[in-house]
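Residues -24 to -1, 1 to 256, numbered by mature numbering (1 follows the signal peptide of the UniProt record, and there is no 0), are exactly what the sequence shown covers, in order.
Don't be surprised by glycine CBs; every beta carbon is placed ideally from N, CA and C.
Some notes on the structure that comes next.
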Amino acid sequence: MERKTAIKIAVALACMLLLGDDAAVDERLPSLERRRLNWHNHSQLLLNEGQFRQYYRMSFRSFEKLLLRVDESQSCRRTRGDEPLSPVNKLQMSISWLAGYSFHPVRALAGASKPAFYISIHQVMNAIQAHDELQLQFPKPEYEQRESANVFARLVNTPVLIGSVEVNRVSSFFSGHYQRYGVNVQHHSRFTAVTTASPGGMGDALAFTRWELSSIVESFPVGLYLVGANAYSNGNALLTPFTRPQTASHSKTSILYRDSFNFHLIQLRIRVEMAFWLLK
């Protein structure tokens, strides 16, 4: 009996040596607590350094206003015993991620897991989309269109413009003419219309006819216009620059007028470039 017991013990020890220490000891990962970002300290440090706007692409006051609008639509559920992510934590992660930062340092700074990060992004975006005041608004009533034109007039001395349309690759904030998405901005370089229709190799002039914006432009009152690049078709309400042959094959007086027209139109279209510059 003792011999059999000794053999069993020897076999067990041999198995333990072959399988390694993991078979003998049940080692479990320690339970670690995630530390949520202290928004007050974080924001105050950025404000003291003058870096808040650069970090979040908006002023602290604008961030607070946005937080008030999306706060009520978000929940604060506790997960795995950790302190729940607050609405400001979720908004902070969303704004940072939308500004182009990788989600790895963003969620690490906020103290959120990978699933919690993506859940927060969806919650914030859903809250923004559900809020009427945060929607893109192209001026449709004539009084709003006249007001927009008046502000443009103070900026570039052109009292007939409502907005500027361009096609852009939004992911890199680079302006171009082909295989881009369409956007429209107003005098403050705020986006008033965005469309992702007709991407790819479709020409801009044809794509524009499929946008809802085109039907709005067609109904502009006499004397109000939208400006765009040469990729669009010039019309009664959509103005595009004169091409080089068009400015070189006429009389001197006509050339001067057309050059002046192109110059002022470029000053108007630059609002699009400024809008994307503000996002950088």
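Assignment of beta-bridge partners to Leu215 by DSSP yields Val203.
Pro221 sits in a helix when the DSSP states are folded into three classes. Separation of Leu200 and Asn212 (C-alpha to C-alpha, rounded to the nearest whole angstrom) is 9 Å. Ala84 is not a Cβ neighbour of Met69, given a cutoff of 8 Å. Assignment of Asn102 by DSSP, reduced to helix, strand and coil, places it in the helix class. Around Ser209, the same chain offers Ala181, Phe184 and Thr216 as residues with beta carbons nearer than 8 Å, after the five sequence neighbours per side are excluded. Segment contact: the segment 62 to 82 against the segment 93 to 112, three or more CB-CB distances shorter than 8 Å; contact assigned.
Note that the C-beta distance between Leu241 and Val198 is not below 8 Å.
Rounded to whole angstroms, the separation of the alpha carbons of Asn206 and Leu42 is 37 Å. In this model, Arg37 and Arg10 are separated by some 28 Å (Cα to Cα). Annotation: the continuous alpha helix (DSSP H) that includes Lys66 extends over Pro63 to Leu74. Glu194 sits in a helix when the DSSP states are folded into three classes. In the three-state scheme derived from DSSP, where H, G and I count as helix and E and B as strand, Arg12 is classed as coil. Counting along the chain, Tyr32 sits inside the alpha helix (DSSP H) bounded by residues Phe28 to Tyr32.
Boundaries of the alpha helix (DSSP H) harbouring Ser38: Phe36 to Asp47, taken from the DSSP string.
Cβ neighbours of Val82 within its own chain (closer than 8 Å, five residues either side excluded): Met69, Ser72, Trp73 and Phe93.
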